[in-house]
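Below you'll find the structure, written out as structure tokens, and then a few comments.
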Amino acid sequence: SQQGEEDPQALSIQEGENATMNCSYKTSINNLQWYRQNSGRGLVHLILIRSNEREKHSGRLRVTLDTSKKSSSLLITASRAADTASYFCATDAGGNNRLAFGKGNQVVVIP
Amino acid sequence: NAGVTQTPKFQVLKTGQSMTLQCAQDMNHEYMSWYRQDPGMGLRLIHYSVGAGITDQGEVPNGYNVSRSTTEDFPLRLLSAAPSQTSVYFCASSRSVNTEAFFGQGTRLTVV
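Line by line, the protein sequences give chains A and B.
Residue numbers for the first sequence follow the numbering used here, so the first one is 366 and each next one is one higher.
Residue numbers for the second sequence follow the numbering used here, so the first one is 17 and each next one is one higher.
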């Protein structure tokens, strides 16, 4: 079964706007990771946040983690057309880098 | 560094045929995994390995075999291909626990 569940599934925004995606999970985790996938390509790692961390930043990306609610959010600020992609959250519950992925968010940034 | 290299990129098989999907990484990573991605779904773990000689099953292992004789290589074998195995297959590697995964570009497999 899927561990991560992203919400919303599809998002269409204007360039320059912010995009927020949420992810929920069911079991305790060691870490939660966000990945980007451009159409027809492999996944690219964005951010890893450990279970004892609450917030992490990387450039225009901000990830939060609420272990009490078993949820995470990914914020992309000042979006660009190049941010158009699918975004996946993945959880590592067992500690062996066995990732359980959500179904992904499709984000379209309109120039 | 090439990262994670998967071959072939595309493959068409007939039902019942067998084949091996190749995966190699040049980062000296201990952890390697195989995932499949189907339309509208996230990735599902097929098999994984925590080091040479050590493998274990993931969420959807039926119909697939793996072995890990070297740190660099982690081939995925389809024993008798079925149409349900039509998918995009991704190989990934990680340096250690709690570290990011590096993904290959994928192998698009069609079983007819």
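No residue lacks a Cβ here, since even glycine has one placed at the ideal position from N, Cα and C.
Worksheet item: Which residues does DSSP pair with K468 of chain A in a beta bridge?
Response: DSSP lists no partner for K468 of chain A.
Practice prompt. Use the C-beta contact count for S96 of chain B: other C-beta atoms within 10 angstroms, 16 or more gives buried, fewer gives exposed.
Written response: exposed
Discussion item. DSSP three-state label for N443 of chain A, please.
Written reply: Looking at the sequence provided, one finds Ala at residue 443 of chain A rather than Asn. A443 of chain A falls in the coil class under three-state DSSP.
Worksheet item: For E75 of chain B, which of B:A68, B:S49, B:L94, B:R93 has the nearest alpha-carbon?
Response: B:S49
Item to complete: State the Cα-Cα distance for the pair T429 of chain A and L397 of chain A, rounded to the nearest angstrom.
Response: 10 Å
Fill in: Contacting residues, own chain, Cβ-Cβ under 6 Å from A108 of chain B (five flanking each side not counted)
S49, A117, F119
Practice prompt. Could you give the DSSP three-state label for D54 of chain B: helix, strand or coil?
Written response: coil
Discussion item. Give me the DSSP bridge partner(s) of H63 of chain B.
Written reply: B:W50, B:Q73
Discussion item. Please report whether the beta-carbon of N387 of chain A lies at a distance below 9 Å from any beta-carbon of chain B.
Written reply: no
Worksheet entry | Cβ pair count under 8 Å reaching 3, the region 381–397 of chain A against the region 408–424 of chain A | yes
Discussion item. Can you look up A40 of chain B in the DSSP assignment and give me helix, strand or coil?
Written reply: strand
Worksheet item: Counting pairs of Cβ atoms below 8 Å between the region 74–93 of chain B and the region 34–51 of chain B, do you hit three or more?
Response: yes
Discussion item. With H, G and I counted as helix, E and B as strand and the rest as coil, what does DSSP make of S423 of chain A?
Written reply: strand
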